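**Student:** When we follow the working numbering, the leftmost residue of the sequence shown carries the number 114, and every step to the right adds one.
From the three backbone atoms N, C-alpha and C, an ideal C-beta is built for every residue, glycine too.
Being a predicted model, the structure only gives us computed values, none of them experimental.
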Amino acid sequence: MSFSNEQKNGFFEAVESMKKYRRADLIDEKGRSLLEKLYTDLLPNELVLKKALLTNTTFFIGRKGTGKSTIFLRIEQELRKKENFLSCYLDVKTIYEKSQSQYTSIAKVKEVIPEELFNKYLIERTFIQNTLIAIQEELNKKYNSLGDKIASIFVTTKPEAVKERIDELLQRISDNKTLENIEIPLLKSISSKLKNTNEDFKERKVKLGGIELTGGVKTDGLEGGLKTDSGIAWKKGSKDTSEIENEFSSVLLQVFQIKEIINEIKSILNILKIDHLFILLDDFSEIDNHAIIRFVDVLLAPLNNWSDEFIKFKIAAYPGRIYYGKIDPGKIDTIYLDFYNLYSQFDRDKMEISATDFTKRLVDSRINYFTDIQTSDFFDTESLRIEEYYSLFFKVSMNVPRILGYILSFCYQSKTVYDKKINKTDIESASQRYYEDKILTFFDSTTYSLLSIDEKISILQLRELLGKINAKLSDNRRKIQTKELTGASYIPTMPYSTHFHFNPDLEKFLKTLELNFFLNKYNDMSDKDGVSSSIYCINYGLARKLNIPWGKPEGTHYRKYFIERPFSFNKLIVEFLNASKRIQCINPECAKEYSVDQLKFLEFNNFKCNICSSPVETKSISETITKEIESIDKTKFLPTPELKIIQELLKSEEPLYAREIAQEIDYSGQLIGWRGKRLAEDHNYVTRIRETEGAPYKYKLTEEGTKYFE
C-alpha cells in the first residue's frame with residue numbers, strides 16, 4: 114500500500130512525540146496541550162500518576178528518557194484543577210549552570226579560605242539563592258495568573274499587599290549585602306578553624322557507579338554514615354574535613370534563614386487559600402555531587418522537614434545518584450521507572466508481558482491519534498504478527514519511550530517515507546544505529562572531558578570490562594553454534610547468549626554501564642547452585658552489532674536459560690577488578706592490600722584496615738588508559754556540554770539551531786547558546802551563522818571542529 118502525505122506526516126509526529134526531551138509538551142496545531150489525551154502510564158489504571166499526586170515527597174528514579182519530565186507535566190495539569198494546591202517546577206540543572214556563570218566573590222573572605230574550596234562554596238551558595246529566587250518568581254507568576262481569584266477574596270488594596278510581600282521576600286533572598294553581613298563573620302570563623310587544624314583540602318573526587326571509590330568508600334555510597342544509594346565520594350585531606358563541610362552547610366542554613374522563608378511562603382499562600390505547595394525538581398541528579406549534598410542539606414531537607422506537611426517535593430533522579438541527607442527515606446515515596454525496578458515489585462514471571470503491554474499502549478495511542486489508520490498498517494505483518502512487534506519494541510528499548518521514539522524515527526526515514534512497511538530487520542538495524550550514534554559516544558565524551566585522569570581511568574576501564582563481556586558472550590554464541598555446549602537448552606541455529614548472571618554484590622561495579630544503557634538489569638534468580646544471582650543483558654543494538662540473537666528460546670523448558678553455567682560471569686568480573694583495582698590501606702607503614710572478594714568484610718568493618726585501623730582506599734590502575742589520555746593535547750579537553758554539541762554537529766550535514774541541538778542532547782536552548790558562543794570565540798570549533806539581523810544563531814563546525822575527535 115502507499116501512504117497518504119497526511120498518514121506519513123502523522124506517523125512522523127507520533128514517533129517524534131516519543132523523543133521529546135525535558136519540558137517539551139505535546140501540543141496540537143492550535144497550541145493546545147495533548148498531554149492529557151496521549152499520556153501513557155507505565156502501569157495500568159494510571160497507577161504511577163496516582164501515586165505521584167499523593168501529598169508525599171516523592172523520588173522518581175529512572176534513567177534518561179524514562180518519562181520523568183512527562184510525569185511532572187501531568188502532575189502540573191492535575192494540580193491546576195485543584196483549588197488548594199499549587200505546583201512550582203524547577204529545572205535544577207539549568208539553575209546550577211546559571212549559578213556557575215554568575216556567582217560573585219565576597220570581599221576579603223577569599224583571602225582566608227582556600228580559593229578552590231571557597232569558589233565551590235560560592236557556586237553552591239549562588240545555586241541555592243537562585244533556587245529560592247526561582248520559587249519566588251514562580252509564585253509571583255502564579256499570583257498574577259490568579260488575579261480573578263484574589264480579587265474575589267480581597268478589596269482592591271489587598272492584592273497589592275500580597276504582591277508587595279512576595280517582592281519583599283524575593284528582594285531579601287536576592288540581596289547579597291544582607292547575606293554578607295551574616296556570612297562574613299561565620300566564614301572567617303571557619304577559616305580560623307582551618308588554620309588551627311592545618312587542614313589540607315584536596316580536590317573532591319566525584320565517582321559514578323562505584324568503579325573508582327576514594328576516601329574510604331568501597332561500595333557505591335557516601336561515607337560518614339550519610340544515607341544514600343549513590344556513587345558519590347570524595348578525597349579527604351584529613352579526618353576533620355567532613356566537619357568543615359558540615360560547617361559550610363550550617364553557614365548556608367543561617368545565611369538563607371530557611372525557617373523564616375518557609376513561614377513567609379506559607380503566610381502568603383494561606384491568603385490565597387492554598388494548603389499544599391508541590392515543588393517539582395527536574396534533573397536533580399545532573400548537578401555536581403558536592404552541590405547535590407549541599408542542596409539537600411541546606412534547602413531540600415529543611416524545607417521538607419520543617420514545613421508541617423505544607424511543602425512536598427517531587428524529585429526526578431537517576432539510579433545511583435540519590436542523596437537523602439536528613440530526609441527519612443521511610444517517610445517518602447519512591448517510584449521506579451526502569452523496567453526491572455518497576456515491574457519486579459509486582460509479578461516477576463510477567464515482567465516482560467507488563468512491559469510489552471506498555472509499549473503497545475504507548476505506540477497505539479500515538480499512532481491512532483496522529484493518523485487515521487492502525488499501528489499494524491505501518492508494519493509488515495506478513496513476516497511478523499503485530500503482537501510480536503510490540504514485544505520487539507520492548508526489547509529494543511527496554512521500555513524507555515525516548516529510545517523507542519528514536520528507533521521508530523530511524524525506521525520512518527528508511528521505510529515509511531518511501532511508502533514501505535517496516536519489518537523486523539528495519540527495527541533491529543535502527544536499534545544498532547541508535548547504539549552507535551547515541552550510546553557509544555559516551556566513552557569519547559569521557560576521554561576528552563575535563564574530568565581528572567583518575568576519574569577518566571575509572572570510567573574508561575568500563576570500556577575494557579564491556580569489551581571482555583562482549584568477547585565472552587560472542588564466545589558463548591560460537592560454542593552453541595559449534596555444539597561445544599551440548600545441553601538440551603542450546604539451539605545451534607539460534608545461539609542466544611545476550612544475557613549473563615553474576616553475584617549481586619558485584620552490581621555496583623557495572624552501574625555506570627547500566628546508567629548509560631550499555632547494559633540493562635533483567636531479573637534476579639538463583640543459579641544452578643541455588644546462589645542468588647543478578648541477570649543482566651546487553652543493549653539490543655549492541656547485540657545486533659555483535660551478531661548475537663537477543664533473548665532466549667520460547668517455552669517453559671527454557672525458563673532458567675539465563676542461569677546456565679556458561680552464562681556465569683562472576684570469574685570474569687572478579688578477575689578484571691582484581692587486575693584493575695588496588696585496594697590498599699592508606700597508612701604507608703602498613704599498606705596492606707585487599708582483594709575484591711574481601712569487600713564484604715571491609716564494608717562490615719567501615720573500610721578500616723584490620724591491621725592498623727587506618728582507612729582503606731580503592732584506586733583504579735591502567736597504564737594503557739593513562740598513556741591514551743596523556744597522548745591527547747590537553748588544550749582539547751572540554752566540559753561535557755561542549756563535547757556533546759560537537760558530537761551532535763558531527764552527525765548533521767546542515768547547520769543547527771540551539772533548540773535543535775538542545776532537543777538531542779538534553780540541555781536547555783539557553784545553555785546551548787552560551788556554550789556555543791564559547792566554542793566559537795574561545796576555541797574556533799564552531800561557526801555561528803545568523804541569516805537575518807535579530808534571528809537566532811545556527812551552529813556549524815569549523816574545519817578544526819570536524820577533526821576534534823581524530
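Give the DSSP-derived three-state secondary structure of ASN677 in the structure shown.
**Tutor:** Residue numbering aside, residue 677 sits at position 564 when the sequence shown is read from its first letter. The sequence given here places Glu at residue 677; Asn does not occur at that position. Coil at GLU677, not helix or strand.
**Student:** Name the one or two DSSP bridge partners that VAL799 has.
**Tutor:** One-based indexing of the sequence shown puts residue 799 at position 686. Looking at the DSSP assignment, VAL799 forms a beta bridge with LEU814.
**Student:** Output yes or no for whether 7 Å exceeds the beta carbon distance between ARG278 and ILE381.
**Tutor:** On the sequence shown, residue 278 is found 165 positions in, with the first residue counted as 1. On the sequence shown, residue 381 is found 268 positions in, with the first residue counted as 1. In contact: ARG278 and ILE381 (Cβ atoms closer than 7 Å).
**Student:** Under 7 Å between the Cβ atoms of PHE452 and ASN512?
**Tutor:** Stepping through the sequence shown from its first residue, residue 452 is reached at position 339. Stepping through the sequence shown from its first residue, residue 512 is reached at position 399. Yes. Within cutoff.
**Student:** Pull the bridge partners of ILE199 from the DSSP assignment, please.
**Tutor:** Translated into positions along the sequence shown, residue 199 becomes position 86. The sequence shown places Leu at residue 199, rather than the Ile named in the question. Paired residues: LEU390.
**Student:** Using C-beta distances below 8 Å, list every residue in its chain close to PRO617, excluding the 5 sequence neighbours before and after it, in chain order.
**Tutor:** Taking the sequence shown and counting its residues from 1, one reaches residue 617 at position 504. Answer for PRO617: ASP637, SER645, SER646 and SER647, listed in chain order.
**Student:** Return the CA-CA distance between GLU373 and LYS732, expressed in angstroms with no decimal places.
**Tutor:** The residue you call residue 373 lines up with position 260 of the sequence shown. The residue you call residue 732 lines up with position 619 of the sequence shown. Approximately 45 Å, taken between the alpha carbons.
**Student:** I need the DSSP call for PHE492, collapsed to helix, strand or coil.
**Tutor:** Position 379 of the sequence shown, counted from the first residue, corresponds to residue 492. Note: PHE492 maps to strand in three-state DSSP.
**Student:** Check whether the Cβ of VAL687 lies closer than 7 Å to any Cβ atom in chain D.
**Tutor:** Here chain D cannot be found, since the structure has a single protein chain.
**Student:** Leaving out five residues on either side along the sequence, give the residues of the same chain with a beta carbon under 7 Å from the beta carbon of ASP396.
**Tutor:** By one-based count along the sequence shown, residue 396 stands at place 283. If we look at ASP396 and ignore the five residues flanking it on each side, its Cβ neighbours are ASP204, VAL205, LYS206 and ALA429.
**Student:** Ignore the nearest five residues each way along the sequence and tell me which others in GLU119's own chain have a CB closer than 6 Å to its CB.
**Tutor:** Residue 119 sits at position 6 when you count from the first residue of the sequence shown. Taken in chain order, the list of residues that qualify is empty.
**Student:** In three-state DSSP terms, what is PHE556?
**Tutor:** Within the sequence shown, residue 556 is the residue found at index 443, counting from 1. In this structure, PHE556 counts as helix in the three-state DSSP scheme.
**Student:** Taking DSSP as the reference, what is the three-state secondary structure of GLN487?
**Tutor:** By 1-based counting over the sequence shown, the position of residue 487 is 374. The answer is coil: DSSP assigns GLN487 none of H, G, I, E or B.
**Student:** Could you have a look at SER562 and say whether DSSP puts it in helix, strand or coil?
**Tutor:** Counting from one through the sequence shown, the residue named residue 562 turns up at place 449. Strand at SER562.
**Student:** On the DSSP letters alone, give me the boundaries of the beta strand (DSSP E) that ILE448 sits inside.
**Tutor:** Residue mapping note: residue 448 aligns to position 335 of the sequence shown, counting from 1. From DSSP, the beta strand (DSSP E) with ILE448 extends over 446 to 449.
**Student:** Give the C-beta separation of LEU245 and PHE369 to the nearest angstrom, bearing in mind that I take them to be a contact with Cβ-Cβ under 8 Å.
**Tutor:** As a working mapping, residue 245 is identified with position 132 in the sequence shown. As a working mapping, residue 369 is identified with position 256 in the sequence shown. Yes, they are in contact, since the Cβ atoms of LEU245 and PHE369 sit about 7 Å apart, within 8 Å.
**Student:** Where in the segment 373 to 448 do unbroken runs of the beta strand (DSSP E), each at least 3 residues long, occur, reported from the N-terminal end onward?
**Tutor:** 389 to 395 and 424 to 430, all fully within the segment 373 to 448.
**Student:** Going by DSSP, name the residue or residues bridged to VAL729.
**Tutor:** Numbered from 1 along the sequence shown, position 616 holds the residue referred to as residue 729. DSSP output for VAL729 lists CYS698 as bridge partner(s).
**Student:** Identify every run of the alpha helix (DSSP H) within the segment 593 to 664, keeping only runs that are complete inside it and at least 4 residues long; order them along the chain.
**Tutor:** For the segment 593 to 664, whole alpha helix (DSSP H) runs of length 4 or above, ordered along the chain, are 624 to 628 and 653 to 659.
**Student:** Taking a contact to mean a Cβ-Cβ separation below 7 Å, would you say TYR812 touches VAL799 in this structure?
**Tutor:** Counted from its first residue, the sequence shown places residue 812 at position 699. Counted from its first residue, the sequence shown places residue 799 at position 686. Yes, they are a contact pair.
**Student:** Would PHE805 be called buried (16 or more neighbouring beta carbons within 10 Å of its own) or exposed?
**Tutor:** Taking the first residue of the sequence shown as 1, we reach residue 805 at position 692. Here residue 805 turns out to be Thr, not Phe, going by the sequence shown. The residue in question, THR805, is exposed, as its Cβ has fewer than 16 Cβ neighbours within 10 Å.
**Student:** Relative to the C-alpha of ARG678, which candidate in ASP640, GLU250, ILE392 and ASP710 has its C-alpha closest?
**Tutor:** Your numbering for residue 678 matches position 565 in the sequence shown. Nearest of ASP640, GLU250, ILE392 and ASP710 to ARG678, Cα basis: ASP640.
**Student:** Keeping to the same chain, check which residues put their C-beta closer than 7 Å to that of ARG474; ignore five residues upstream and five downstream.
**Tutor:** Residue numbering aside, residue 474 sits at position 361 when the sequence shown is read from its first letter. THR153, listed in sequence order.
**Student:** Please go through the same chain and pick out, in chain order, the residues whose beta-carbon is closer than 8 Å to the beta-carbon of THR595, but skip the five residues on each side of it.
**Tutor:** Along the sequence shown, one-based indexing puts residue 595 at 482. Contacts found: PRO605.
**Student:** For ALA775, which residues in the same chain have their Cβ closer than 7 Å to its Cβ, ignoring the five residues on either side in sequence?
**Tutor:** Walking along the sequence shown from the start, residue 775 turns up at place 662. Here the set comprises SER781, GLY782 and ILE785.
**Student:** Identify whether PHE714 lies in helix, strand or coil by the three-state DSSP scheme.
**Tutor:** For the purposes of this step, residue 714 is taken as the residue at position 601 of the sequence shown. The answer is helix: DSSP assigns PHE714 an H, G or I state.
**Student:** Report yes or no: do three or more beta-carbon pairs, one from the segment 561 to 579 and one from the segment 538 to 546, lie closer than 8 Å?
**Tutor:** No: the two stretches stay apart, fewer than three of their Cβ pairs being nearer than 8 Å.
**Student:** Taking only three categories from DSSP, how would you classify ASP204?
**Tutor:** The residue given as residue 204 occupies position 91 in the sequence shown. It is a strand residue.
**Student:** By the three-class DSSP mapping on this structure, what secondary structure does GLU551 have?
**Tutor:** By 1-based counting over the sequence shown, the position of residue 551 is 438. Checking the displayed sequence, the identity of residue 551 turns out to be Lys instead of Glu. Reduced to three states, the DSSP call for LYS551 is helix.
**Student:** Based on the DSSP output, what are the partners of LEU769 in its beta bridges?
**Tutor:** Counting from one through the sequence shown, the residue named residue 769 turns up at place 656. DSSP lists TYR812 as partners of LEU769.
**Student:** Take GLN367 as the anchor and find which of ILE405, HIS389, PRO415 and ILE378 has the nearest alpha-carbon.
**Tutor:** Along the sequence shown, read from residue 1 onward, the residue named residue 367 stands at position 254. The residue with the shortest Cα to Cα distance from GLN367 is PRO415.
**Student:** If you follow the beta strand (DSSP E) that THR171 is part of, which residue opens it and which one closes it?
**Tutor:** Residue 171 sits at position 58 when you count from the first residue of the sequence shown. Looking at the DSSP string, the run of the beta strand (DSSP E) that includes THR171 is 171 to 174.
**Student:** Alpha carbon to alpha carbon, how far is ASN169 from GLN190?
**Tutor:** Locating residue 169 in the sequence shown gives position 56, where the first residue counts as 1. Locating residue 190 in the sequence shown gives position 77, where the first residue counts as 1. Roughly 18 Å between the two C-alpha positions.
**Student:** Going by C-alpha distance, which of TYR821, LYS534, ALA601 and TYR653 is nearest LEU756?
**Tutor:** Reading the sequence shown from its first residue, position 643 is the one you call residue 756. Answer by Cα proximity: TYR821.
**Student:** So, at 7 Å on beta carbons, what are the nonlocal neighbours of SER602 in its own chain, with the 5 sequence-adjacent residues on each side left out?
**Tutor:** Counting from one through the sequence shown, the residue named residue 602 turns up at place 489. For SER602, where only same-chain residues beyond five positions count, the Cβ hits under 7 Å are TYR671, TYR674 and GLU677.
**Student:** With distances taken between CB atoms, is the gap from MET131 to PRO514 smaller than 7 Å?
**Tutor:** On the sequence shown, position 18 is the one that residue 131 refers to. On the sequence shown, position 401 is the one that residue 514 refers to. The answer is yes: Cβ separation under 7 Å.
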